[in-house]
Amino acid sequence: MSTTTAGCPECDGSLKQDGCETVCTHCGLVVGEDSIDRGPEWRSFEDEETDSARTGAPLTRSRHDRGLSTEIGRSTRLKGRKRRQMARLRRQHRRAQVSSKRERNQVYAFTEIRRIVGSLGLSAAIRDRACVLFESAQNEDLLQGRSLEGFAAATVYATCRTEGVARTVEELCRAARADPAELRAAYDALNRDLGLPTGPIDPREYVPRFASALDLPEEIRGRAEQLVAEARERGLVGGRNPAGVAAACLYTAAQERDGELTQAEAAEVADVTPVTLRATYTELQA
DNA sequence: ACGATTATTGCGTTCTT
DNA sequence: AAGAAAACAATAATCGT
1225 MSTTTAGCPE CDGSLKQDGC ETVCTHCGLV VGEDSIDRGP EWRSFEDEET DSARTGAPLT
1285 RSRHDRGLST EIGRSTRLKG RKRRQMARLR RQHRRAQVSS KRERNQVYAF TEIRRIVGSL
1345 GLSAAIRDRA CVLFESAQNE DLLQGRSLEG FAAATVYATC RTEGVARTVE ELCRAARADP
1405 AELRAAYDAL NRDLGLPTGP IDPREYVPRF ASALDLPEEI RGRAEQLVAE ARERGLVGGR
1465 NPAGVAAACL YTAAQERDGE LTQAEAAEVA DVTPVTLRAT YTELQA
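Per our numbering: the first sequence = residues 1225 to 1510.
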């Protein structure tokens, strides 16, 4: 990896230097740095416990400490000084427990966030903001009953959206150890209790990335973006899956040229079905 | 909880080779 | 003629509000 004189390899957007890395201002892709994350402070979970079979670790899913916490019981036999001493012990034990629980969660979530961000090739700025967001969620007690993995995924997802470099829920879930339901549960909680400044996603945000995933020439990409604008004019964007709209515009643009691109291919990179693509495609034709 | 959008599946049609 | 791609239809699932 070296010099970056031209534009972003993904979308030809302009590049911006951000700390030690080079980031595309358009699609948020990190260009000038390898995606292996070797941050100092957190241990890596890469090797052990890959995906399935997270055997009984305290950090799995929502109930991180199910059955594993200890309590100091009360005894009626104790009197006076001994009794007060036990009460104090109990108090301290509880406090140590919650604070370490919080810490463990944070370590795990941050590690997970870093992993996701690295695997999606996103910037350090995104990563940091996602971490901050997670802390806010912790402060608001949003984690109760929801999965940590979901929050890790959701914070990255939310940050991408607010930064205008949106990824689809499917992309996030593929990179994260969470499914769409978990991500959504967490994301909804963030939105509701933290009031994220997230508007609807502009389909154009997806075009450059999808275009490059499909190896489409610059010309088609530009035309597709034009078509997105046109679709918006005609009210074909509202209420629809923006990724589907982006795929439809890409397909239409390719069709106008050589017709080498199939609906199925375009639909696949957008994580939608051909039927969905067709819905806006036919509208666009009319 | 509701209405609209999307996924899924299956099938007759059109286009390409 | 055969195979792929696009279109259409019906129902189930999911989304946005």
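The beta-carbon is built from N, C-alpha and C at its ideal position, and this holds for glycine as well.
C-alpha of Thr1392 to C-alpha of Arg1315: approximately 45 angstroms in a straight line. Beta-carbon to beta-carbon, Asp1495 and Ala1467 are separated by about 6 angstroms, close enough to satisfy the 8 angstroms threshold. Nearest to Ser1371 by C-alpha distance, out of Glu1454, Thr1300 and Gln1330, is Gln1330. Exclusion of the five residues before and after Met1310 leaves Ile1296, Arg1298, Ser1299 and Leu1302 as the residues of its chain whose Cβ lies within less than 8 angstroms of its Cβ. Glu1443 places its beta carbon 7 angstroms or farther from that of Ala1402.
Selection Arg1458, Val1469 and Arg1481 evaluated against Ala1510 yields Arg1458 as nearest (Cα-Cα). If you compare the alpha carbons of Leu1239, Arg1305 and Tyr1505 with that of Ala1471, the shortest gap goes to Tyr1505. Straight-line measurement puts the Cα of Gly1463 at about 30 angstroms from the Cα of Ser1343.
With a cutoff of 7 angstroms on beta-carbon distance, Leu1438 and Val1493 are scored as near each other. Within the same chain, and ignoring the five residues on either side of Asn1465 in sequence, the residues whose Cβ sits closer than 7 angstroms to its Cβ are Val1496 and Thr1500. A straight line joining the alpha-carbon of Tyr1475 with that of Leu1440 spans about 10 angstroms. For Val1341, the uninterrupted alpha helix (DSSP H) run begins and ends at Gly1304 to Leu1344, by DSSP.
Classified as buried, Leu1239 has 16 or more neighbouring CB atoms from the shown chains inside 10 Å of its CB. As the crow flies, the alpha-carbon of Thr1379 is around 26 angstroms from that of Ser1436. Among the bridge pairs identified by DSSP, Cys1397 is matched with none.
Within 10 angstroms of the beta-carbon of Thr1486 lie fewer than 16 other beta-carbons, which makes it exposed.
Across the set Pro1424, Glu1480 and Gly1423, the C-alpha of Glu1480 shows the shortest separation from the C-alpha of Leu1451.
Per DSSP, reduced to three states, the secondary structure at Thr1246 is strand.
Straight across, the Cα-Cα distance linking Ala1354 with Ala1376 is about 8 angstroms. Minimum Cα-Cα distance from Tyr1381 among the listed residues Ile1337, Gln1362 and Leu1367 corresponds to Ile1337. Assigned with DSSP and collapsed to three states, Leu1372 falls in helix.
One alpha carbon belongs to Arg1318, the other to Glu1364, and they sit about 20 angstroms apart. Gly1345 is the residue among Thr1383, Gly1369, Gly1345 and Ser1324 whose C-alpha sits nearest the C-alpha of Ala1399.
According to the DSSP secondary-structure assignment, Leu1239 is paired through a beta bridge with Cys1248. Straight across, the Cα-Cα distance linking Leu1420 with Cys1384 is about 12 angstroms. Counting along the chain, Glu1359 sits inside the alpha helix (DSSP H) bounded by residues Ala1348 to Asn1363. Ser1436 carries a helical assignment under DSSP once its states are collapsed to helix, strand and coil. Nearest to Gln1368 by alpha-carbon distance, out of Val1322, Thr1335 and Arg1456, is Val1322. Burial check for Pro1424: the Cβ neighbour count within 10 Å stays below 16, so the residue is exposed. Around the CB of Arg1308, fewer than 16 other CB atoms lie within 10 Å, so the residue is classed as exposed.
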